[in-house]
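Take a look at the structure set out below.
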Amino acid sequence: MSLRLENVSVTAGGRTIIHDVSLALEPGTMNVLLGATLAGKTTLMRLMAGLDKPTSGRVLIDGKDVTGVPVRRRSVAMVFQQFMNYPWLSVYENIASPLRVARLNTAEIDRRVRRAAQLLGLEPLLDRLPQQISGGQQQRTAIARAIVKGADLVLLDEPLANLDYKLREELREELPRIFAETGAILVYATAEPLEALLLGGSTATLSQGRIVQAGPTLAVYHRPSDIESARVFSDPPLNESDIVKEDDVIRFGAAQALPAAGALAAIPPGPYRLAFRADIATLGAPWPASLSLAGRIALAEISGSESFVHVETAIGTFVCVERGVSTRQPGQPTSLHVDAARVFVFDRDGRPVAAGSGG
Amino acid sequence: MTRTGVLPRIGLAIYLLALMLPIYWLVNMSLRSNEDIMSGLSLWPHHPSLGRYFFIFNDSTWVHAFGVSLTYVAINTVISVTVALPAAYAFNRYRFVGDKHLFFWLLTNLMAPASVYAMPFFNLYYAIGLFDTVWAVALAHCLFNIPVAVWILEGFVSGVPREIDETAAIDGYSFPRFFIRIFLPLIANGIGVTAFFCFMFSWVEQLLATTLTATNALPFAAVMTRSYSAAGMDWSLLAAAGVLTMIPGAVVIWFVRHHIAKGFALGRV
């Protein structure tokens with residue numbers, strides 16, 4: 069089964085939530101919808117599932133228009149971010165629910181339920197009721213229900229957001245494998261760029277109800293077609309600054325000028341927006357082609373085994389990543405080196421001019 | 100945080116005593132003879148007798164009336180809950196033109212006293228031959244019970260997340276199957292509470308019940324009011340009938356007590 073959205077828009081209460089989205093999804097693929105909260109990921113998934121109808125545009129399955137076809141008559145499984153289970157049914161019956169509706173025989177139901185339970189580590193909990201297990205276990209029950217159904221289209225709406233760290237890592241690897249076997253279209257919504265990178269497949273970046281860019285995940289990551297796409301696909305947030313190229317220098321306002329190195333050397337003179345991700349900026353040794361800015365430490369955030377160090381310079385505050393737990397103190401003078409070979413340069417409309425590889 | 104003071108306990112005991120006193124007095128009276136009752140204050144029956152109860156059980160008018168009352172109350176409760184369930188679901192889950200106004204308008208039915216409706220009902224039912232049947236009373240009580248039932252149930256429906264409906268739809272449940280197999284169990288407490296309120300209202304309501312019936316479908320309470328006109332007041336008999344009137348209510352409360360406890364905590368009661 070292939071799924072296509074054609075010029076789909078959704079308007080609710082006078083506000084446009086989805087703007088003219090077109091997207092094609094092929095069977096057996098992993099598709100990540102990447103966007104911040106309220107970017108429209110959930111709305112888009114509800115359209116794909118058939119839970120909602122688009123205000124305009126068409127939804128096609130295998131070329132057939134299914135825009136008005138209700139969800140019960142589609143081959144869809146969906147896991148909501150706020151997990152849903154039937155409270156008075158045991159975990160076993162919750163997982164078996166779609167199979168019971170489809171009237172499969174008991175032996176087949178039992179086989180599928182136990183296999184899914186095994187994949188998700190729910191075996192010891194099958195007799196419990198949802199309120200007797202933890203939130204993460206409830207979410208796994210909901211995922212198991214989506215697995216057993218064997219649907220052609222599987223929609224996972226930030227399914228791992230409520231799980232603990234270790235399980236998240238495991239499932240992130242397991243889920244694409246589980247569904248790849250079934251040949252289903254897997255759509256996975258997430259707000260975390262790292263998750264999109266780990267899942268691979270294709271990624272569509274979403275911002276304010278629009279698809280900014282769609283393509284293979286790594287291509288979208290390395291070659292953003294728009295500054296907004298780079299913003300969506302950066303965590304910590306993308307570092308940005310307005311620059312003016314003049315001959316062989318770039319000026320950051322009146323305050324600072326640096327030699328135009330790396331990707332900046334080849335662009336024609338004029339105003340641009342420079343952007344770079346935190347991982348190509350360092351406080352250590354300069355890069356071969358480096359933009360070096362003097363500044364002082366503003367803040368060191370610890371995120372897992374990395375630290376996000378905010379550096380205040382004459383032209384704004386930038387974030388860089390350091391391995392390990394940073395012991396840098398706010399106020400310390402330092403210099404920030406940005407790899408000029410890998411920076412992004414966008415024109416005033418946000419279109420890429422010189423594409424570094426982005427990190 | 101348990102309070103173990105003596106004073107609160109005494110206060111509570113006095114309160115409960117005051118609450119139980121009329122009921123006790125009714126039971127007390129029902130076990131005494133009329134002469135005994137009229138002769139003076141007596142805190143407990145000196146010669147207790149179940150005679151008046153046997154009299155009621157052996158009198159076909161009383162037994163028939165008791166059956167009639169239970170029948171129309173049961174019919175009314177079933178109709179009210181059955182009609183109110185889909186209505187409450189629709190009011191909560193769908194937007195339609197005038198939904199809020201309609202919801203409020205339902206409640207305005209409760210603003211007029213029952214006596215306002217007695218005459219039109221009488222006239223209507225007489226014309227179509229429903230007068231003096233259990234259906235007459237059962238349907239008339241719907242006028243009050245359905246709005247209350249819709250209102251209470253809507254509160255419970257709103258407590259069930261919409262995603263449950265959607266999860267069931269994705270699992271492939273048809274709507275009727277979803278409603279009966281998935282949704283009703285989720286609001287079982289609400290249904291219990293609603294049925295209780297419908298039952299109670301219909302059971303104690305007298306005006307419509309007596310106006311819309313004559314002999315065939317005379318409710319229990321109407322027989323009670325009739326029994327003192329014959330030969331003075333039969334205090335003891337009235338008291339016994341009063342005790343019997345309370346029994347179905349007590350039984351219903353006993354059965355739905357867990358639902359009510361949860362229902363009061365969760366919903367709109």
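Those sequence lines, one after another, are chains A and B. Okay, so the first sequence: first residue is 69 according to the numbering used here, each after it adds one. Okay, so the second sequence: first residue is 100 according to the numbering used here, each after it adds one. In this text, a Cβ means the ideal position worked out from N, Cα and C, and glycines have one as well.
C-alpha distance - residue i paired with residue j, whole-angstrom precision
i, j, result
"A/D88", "A/F301", "21 Å"
"B/A112", "B/T310", "41 Å"
"A/I370", "A/P304", "12 Å"
"A/T97", "A/G418", "30 Å"
"A/G269", "A/R345", "22 Å"
"A/P284", "A/P327", "34 Å"
"A/A298", "A/V288", "8 Å"
"B/L252", "B/G291", "10 Å"
"B/H357", "B/T160", "35 Å"
"B/G289", "B/I359", "8 Å"
"B/S141", "B/M128", "10 Å"
"A/E390", "A/L404", "12 Å"
"A/G427", "A/T385", "The predicted model places A/G427 with a pLDDT of 48, which falls under 50 and marks its position as unreliable, so this point remains unresolved."
"A/D192", "A/G203", "Checking the displayed sequence, the identity of residue 192 of chain A turns out to be Pro instead of Asp. In a straight line, the C-alpha of A/P192 is about 16 Å away from that of A/G203."
"A/E308", "A/R341", "7 Å"
"A/V68", "B/F220", "No statement about residue 68 of chain A is possible, as the shown extent of chain A runs from 69 to 427 and does not include it."
"A/L73", "A/P122", "10 Å"
"A/E238", "A/L267", "12 Å"
"B/G139", "B/Q305", "31 Å"
Residue from the options with nearest C-alpha to residue i
i, options, result
"A/P33", "A/M98, A/F320, A/I370", "The requested residue 33 of chain A does not occur in the structure, where chain A is confined to residues 69 to 427."
"A/S142", "A/G399, A/R236, A/A92, A/K217", "Reading off the sequence shown, one finds Arg at residue 142 of chain A, where the question assumed Ser. Nearest of A/G399, A/R236, A/A92, A/K217 to A/R142, Cα basis: A/K217."
"B/R131", "B/T344, B/V351, B/L336", "B/L336"
"A/A334", "A/G363, A/G277, A/V411", "A/V411"
"A/V100", "A/Q400, A/A322, A/L243", "A/L243"
"A/D315", "A/L332, A/A322, A/A323, A/E308", "A/L332"
"A/L286", "A/L265, A/D178, A/D294, A/S275", "A/L265"
"A/T258", "A/L172, A/A368, A/V147", "A/V147"
"A/R278", "A/P166, A/I86, A/A80, A/E74", "A/I86"
"A/T105", "A/L194, A/L157, A/Q149", "A/Q149"
"B/A294", "B/P121, B/A183, B/P147", "B/A183"
"B/R325", "B/V256, B/F190, B/A164, B/G197", "B/A164"
"A/S124", "A/D310, A/S90, A/L235, A/L267", "A/S90"
"A/A212", "A/Q199, A/V127, A/G189", "A/G189"
"B/R280", "A/R236, A/Q276, A/E380, A/W156", "A/W156"
"A/L194", "A/R168, A/W355, A/A214, A/N162", "A/N162"
"B/D135", "B/A117, B/A340, B/D333", "B/D333"
For residue i: DSSP bridge partner residues
i, result
"A/E380", "A/R364, A/T385"
"B/L306", "Looking at the DSSP assignment, B/L306 forms no beta bridge with any residue, so it has no partner."
"A/K313", "A/I318, A/G338"
"A/S403", "A/A362"
"A/Q324", "A/F320"
"A/T350", "A/H405"
"A/I253", "A/L221"
"A/S124", "A/S77"
"A/R391", "A/E374"
"A/L91", "A/L73"
"A/E369", "A/F376"
"A/T258", "A/L102"
Cβ pair residue i, residue j closer than 8 Å
i, j, result
"B/F354", "B/S168", "no"
"A/K109", "A/G103", "yes"
"A/P398", "A/A366", "yes"
"A/V393", "A/F376", "no"
"A/Y160", "A/V134", "no"
"A/Q207", "A/L223", "no"
"A/M152", "A/A210", "yes"
"A/I129", "A/L93", "no"
"A/V280", "A/T273", "yes"
"B/F277", "B/H240", "no"
"B/G271", "A/A175", "no"
"A/L115", "A/V144", "no"
"A/D225", "A/M69", "no"
"B/A316", "B/V215", "no"
"B/A248", "B/V180", "yes"
"B/P246", "B/N191", "no"
Closer than 8 Å, Cβ to Cβ, to anything on chain B: give me those residues from the segment 403-417 of chain A, in chain order. Within the segment 403-417 of chain A, no residue has a Cβ that lies closer than 8 Å to any Cβ of chain B.
Residues, ordered as in the chain, of the segment 258-276 of chain B that lie near chain A by beta-carbon distance below 9 Å: Within the segment 258-276 of chain B, the residues whose Cβ lies closer than 9 Å to any Cβ of chain A are, in chain order, P260, E262, I263, E265, T266, A267, A268, I269, D270, G271, Y272, S273, F274, R276.
Using a beta-carbon distance cut-off of less than 8 Å, what residues from the segment 278-293 of chain B approach chain A? I281, P284, L285
For the segment 157-182 of chain A, enumerate the residues whose C-beta is nearer than 8 Å to any C-beta of chain B, in chain order. Residues S165, P166, V169, A170.
What residues in the segment 102-125 of chain A have a beta carbon less than 8 Å from any beta carbon of chain B? A117, L119
For the segment 127-152 of chain A, which residues have a CB atom closer than 8 Å to at least one CB atom of chain B, in sequence order? Of all residues in the segment 127-152 of chain A, P138, V139, R140, V144, A145, M146, F148, Q150, M152 have a Cβ within less than 8 Å of some Cβ in chain B.
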